[in-house]
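Shown next, in structure tokens, is the structure this report addresses.
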Ligand SMILES: NC(=O)c1ccc[n+]([C@@H]2O[C@H](COP(=O)([O-])OP(=O)(O)OC[C@H]3O[C@@H](n4cnc5c(N)ncnc54)[C@H](OP(=O)(O)O)[C@@H]3O)[C@@H](O)[C@H]2O)c1
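Residue numbers (the numbering used here): 887 to 1176.
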């Protein structure tokens, strides 16, 4: 029996769809959800539903009973994630889960000086806890979702161009769908125990290249402006963007600038058995009709 946490989120739903496409019977898949009302479509597909919340240890323990393979999708509560994930790993151990596959995040600098330290902390702790638990594991070190890029580029990118303090840094953005397909392949394949995979595109992309791709797929001339972080913050503050959003985008941009999200190796193509979707293909799917 396979269980997917975060099953009402984008990654979880996509992984379930890939499992069904691979002819895994729906009644061999359990979706762990916090809110059953959001899981009607999953229920209608014949997926087993278990209620579980990372904040509620006993709900996790009960959800994980009888589970062989657990796809543990990281939560999105930045304040409480360390403790929540600790609960999940402990519950997996107590329930006797046989293989845990965790969606982690790419990083190089594991110290507090990292511009994404706040985000990396829970992943570093969770990876340590999983390894210490003795449960066979697979760590997916996911790169930046290409799918998040449009939010960072902003709604007016086709008129105003790209305005981000990312310098000439690069990231190996890959699509969330490709990553979910890789997760489904790990869940149904052999030989993935005690492995750490780099889940990234084959190519590192700069924001200048993103501007070029956008120009090519839209036929408009899209430029990339690279302000200092201070100028970026001041400019966005004046347009009324909330400070936490500015901080998050500035932090990620700085991480890209420093090369934190660039890679020299990727396991994604091997896990998919094909080349990952390129960033240009992804941007075309989003922007070509705009
Ligand atoms: N690599 C990247 O670029 C990137 C970007 C964004 C996020 N991420 C990480 O990847 C994860 C999956 O991505 P996604 O796109 O699927 O995110 P998503 O659509 O926001 O889904 C997050 C899922 O986590 C569930 N969740 C949150 N808190 C929980 C809790 N306390 N107990 C149980 N479930 C909880 C949510 O449940 P509800 O549906 O009930 O809210 C939702 O199903 C994110 O949660 C985040 O950790 C990575």
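Glycine included, each C-beta is placed from N, C-alpha and C at the ideal position.
Keep in mind it's a predicted model, so treat the numbers as computed, not measured.
Cβ pair residue i, residue j closer than 8 Å
| i | j | result |
| --- | --- | --- |
| residue 1152 | residue 1087 | yes |
| residue 992 | residue 1028 | yes |
| residue 1138 | residue 1059 | no |
| residue 1051 | residue 1115 | yes |
| residue 935 | residue 925 | yes |
| residue 928 | residue 1067 | no |
| residue 1108 | residue 1043 | yes |
| residue 1150 | residue 908 | no |
| residue 996 | residue 1010 | yes |
| residue 1129 | residue 1078 | no |
Short CB-CB distance (under 8 Å) between residue i and chain B
| i | result |
| --- | --- |
| residue 993 | No chain B is part of this structure, which consists of one protein chain only. |
From the options, residue whose alpha carbon lies closest to that of residue i
| i | options | result |
| --- | --- | --- |
| residue 1053 | 1165, 1146, 898 and 892 | 1146 |
| residue 1049 | 955, 1120, 949 and 974 | 1120 |
| residue 977 | 1010, 910, 1016 and 928 | 1016 |
| residue 1012 | 1136, 967 and 996 | 967 |
| residue 1170 | 965, 1101, 1118 and 1113 | 1101 |
| residue 1036 | 975, 1168, 889 and 888 | 1168 |
| residue 1064 | 1161, 943 and 951 | 1161 |
| residue 953 | 983, 1158 and 1067 | 983 |
| residue 1034 | 1144, 1174, 1165 and 943 | 1165 |
| residue 1175 | 995, 1103, 1006 and 1130 | 1103 |
| residue 1001 | 889, 1154, 1172 and 1133 | 1133 |
| residue 941 | 923, 930, 964 and 931 | 964 |
| residue 1072 | 1155, 996 and 930 | 1155 |
| residue 950 | 931, 985, 923 and 969 | 985 |
| residue 1032 | 1118, 1085 and 1009 | 1085 |
| residue 1163 | 1062, 1135 and 1077 | 1062 |
| residue 1106 | 1131, 1055 and 1046 | 1046 |
| residue 1082 | 974, 1014 and 1005 | 1014 |
| residue 1040 | 889, 1140, 890 and 1122 | 1122 |
| residue 1113 | 1136, 1127 and 889 | 1136 |
Close Cβ partners of residue i (< 6 Å) along its chain, the five nearest in sequence each way excluded
| i | result |
| --- | --- |
| residue 933 | 912, 915 and 917 |
| residue 892 | 898 and 959 |
| residue 1110 | 1048, 1093, 1094 and 1097 |
| residue 1055 | 1142, 1143 and 1145 |
| residue 1019 | 975 and 979 |
| residue 1140 | 1001 |
Neighbourhood of residue i by C-beta, 8 Å cutoff - its chain only, sequence neighbours within 5 removed
| i | result |
| --- | --- |
| residue 1069 | 897, 901, 904, 957, 987, 989 and 1026 |
| residue 920 | 894, 937, 938 and 939 |
| residue 947 | 977, 980 and 981 |
| residue 931 | 902, 906 and 912 |
| residue 943 | 973, 976 and 977 |
| residue 1117 | 1051 |
First through last residue of the beta strand (DSSP E) which encompasses residue i
| i | result |
| --- | --- |
| residue 978 | Not the beta strand (DSSP E): residue 978 falls in the alpha helix (DSSP H), residues 967 to 981. |
| residue 1078 | It is not in any beta strand (DSSP E) - residue 1078 carries neither H nor E in the DSSP assignment. |
| residue 1119 | Element bounds for residue 1119: not the beta strand (DSSP E) but the alpha helix (DSSP H), 1115 to 1124. |
| residue 1142 | Per DSSP, residue 1142 belongs to no beta strand (DSSP E); it is in the alpha helix (DSSP H), 1129 to 1143. |
| residue 917 | 915 to 919 |
| residue 992 | From DSSP, residue 992 is part of no beta strand (DSSP E); its letter is neither H nor E. |
| residue 937 | 934 to 937 |
| residue 1028 | 1023 to 1028 |
| residue 889 | 888 to 890 |
Contacting residues, own chain, Cβ-Cβ under 7 Å from residue i (five flanking each side not counted)
| i | result |
| --- | --- |
| residue 1057 | 1029, 1030, 1090, 1091, 1142, 1147 and 1148 |
| residue 945 | 937, 938 and 939 |
| residue 887 | 914, 916, 952, 953 and 954 |
| residue 970 | 940, 941, 961 and 963 |
| residue 1007 | 968 |
| residue 922 | 935 and 937 |
| residue 1099 | 1165, 1166 and 1169 |
Range of the contiguous alpha helix (DSSP H) that encloses residue i
| i | result |
| --- | --- |
| residue 1004 | 1003 to 1019 |
| residue 1108 | Run containing residue 1108: none; DSSP gives neither H nor E here. |
| residue 1170 | 1165 to 1173 |
| residue 949 | 943 to 950 |
| residue 1090 | Careful: residue 1090 lies outside any alpha helix (DSSP H) and carries neither H nor E. |
| residue 902 | 896 to 907 |
| residue 962 | Unbroken run through residue 962: none, as it is neither H nor E. |
| residue 1039 | 1035 to 1039 |
| residue 1153 | Taken as a continuous stretch (DSSP letters only), residue 1153 belongs to no alpha helix (DSSP H), as it is neither H nor E. |
| residue 927 | 926 to 930 |
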